[in-house]
Amino acid sequence: MNCLESTGTLHNSSPLIDPDLFYRYIDLMTNHLGSKISRKRKSLGRIRIQDAVLHIFQRRPLPYSYYTLQSNLRRLIRTDTGPIIYDYFKDQLLKKGMVILRESMKNLKGVALLEKLSETWNYFYKEIIFTLQAILYPFQDNSTEEMPMTIRQVILADFRDTVLLKINQDVEGI
91 MNCLESTGTL
101 HNSSPLIDPD
111 LFYRYIDLMT
121 NHLGSKISRK
131 RKSLGRIRIQ
141 DAVLHIFQRR
151 PLPYSYYTLQ
161 SNLRRLIRTD
171 TGPIIYDYFK
181 DQLLKKGMVI
191 LRESMKNLKG
201 VALLEKLSET
211 WNYFYKEIIF
221 TLQAILYPFQ
231 DNSTEEMPMT
241 IRQVILADFR
251 DTVLLKINQD
261 VEGI
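For what it's worth, this note's numbering labels the leading residue of the sequence shown as 91, then goes sequentially.
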């Protein structure tokens, strides 16, 4: 006998692997790893967008190009979680950025608060709005009834609600 016995096992008594079973196993593992890689890529895309948005509010340079960020956002929009990406941006990420702006004025009073508010508004209006619109441009391609306001309107309304209205009581005493 060569290396196969009549029972279909190797000399070291390990059973032969059915080729069909082997290829199905390989396909399953490839699909499993592929879906893991796909999930990692989606997660990485979301993290890149999140990092970029927070960098803008922290007055730091963008860590990625506009093209990379827009590509990641387009990819995220096309996934199963696509419909909730807009809500995540609007309800969590944008709020976090606005809180960063508001916290920079937290302990100021009177004229110092007004000067800081003026400087913050100038930076917000000249830099943040346009940069966010550029990054979030893919949302405009997929506008639906879930998105009744433009990105610009959402950003401005959130600045009003989170920054201006929260510090209003401090300014009224002047």
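Even glycine gets a Cβ: it sits at the ideal position worked out from N, Cα and C.
Reducing DSSP to helix, strand and coil, say where residue i ends up.
i: Gln148; result: coil
i: Arg165; result: helix
i: Ser208; result: helix
i: Pro228; result: helix
i: Asp248; result: helix
i: Asp170; result: coil
i: Leu198; result: coil
i: Ser128; result: Residue confidence for Ser128 is low, a pLDDT of 46 falling below 50, so the modelled location carries little weight and cannot support an answer.
i: Tyr157; result: helix
i: Thr221; result: helix
i: Thr99; result: With a pLDDT of only 46 at Thr99, under 50, the local geometry of the prediction cannot be trusted, and the value read off the model is given with reservation. The answer is strand: DSSP assigns Thr99 an E or B state.
Let me check understanding here. Comparing Cα to Cα, which of the options lies closest to residue i?
i: Ile139; options: Phe147, Tyr178, Leu159 and Arg150; result: Leu159
i: Tyr154; options: Ile137, Ile245 and Leu203; result: Ile137
i: Leu144; options: Asp170, Ile225, Pro238 and Lys256; result: Ile225
i: Gly200; options: Phe147, Ile257 and Pro238; result: Ile257
i: Val244; options: Ile167, Leu183 and Glu193; result: Leu183
i: Asn212; options: Tyr157, Ser161 and Leu246; result: Leu246
i: Pro238; options: Lys180, Tyr156, Glu193 and Arg150; result: Lys180
Kindly list the residues whose CB is nearer than 7 Å to the CB of residue i, restricted to its own chain and excluding five residues on each side of it in sequence; keep chain order.
i: Met188; result: Asp248, Phe249, Thr252 and Val253
i: Gln328; result: The question about residue 328 has no answer here: the residues shown for the chain are numbered 91 through 264.
i: Met195; result: Leu203, Lys206, Leu207, Thr210 and Ile257
i: Ile175; result: Leu166 and Ile167
i: Asp170; result: none
i: Phe214; result: Leu191 and Phe249
Please report the residue range of the alpha helix (DSSP H) in which residue i lies.
i: Met188; result: Leu184 to Glu193
Got a sec? Which residues, its chain only, sit under 6 Å from residue i by beta carbon, not counting five neighbours each side?
i: Arg164; result: Pro228
i: Leu198; result: Lys206
In chain order, what residues of the same chain lie with their CB nearer than 8 Å to the CB of residue i, ignoring the 5 residues before and after it?
i: Arg265; result: The requested residue 265 does not occur in the structure, where the chain is confined to residues 91 to 264.
i: Ala142; result: Leu152, Pro153, Tyr154, Leu159 and Ile225
i: Lys216; result: none
i: Gln230; result: Thr240 and Ile241
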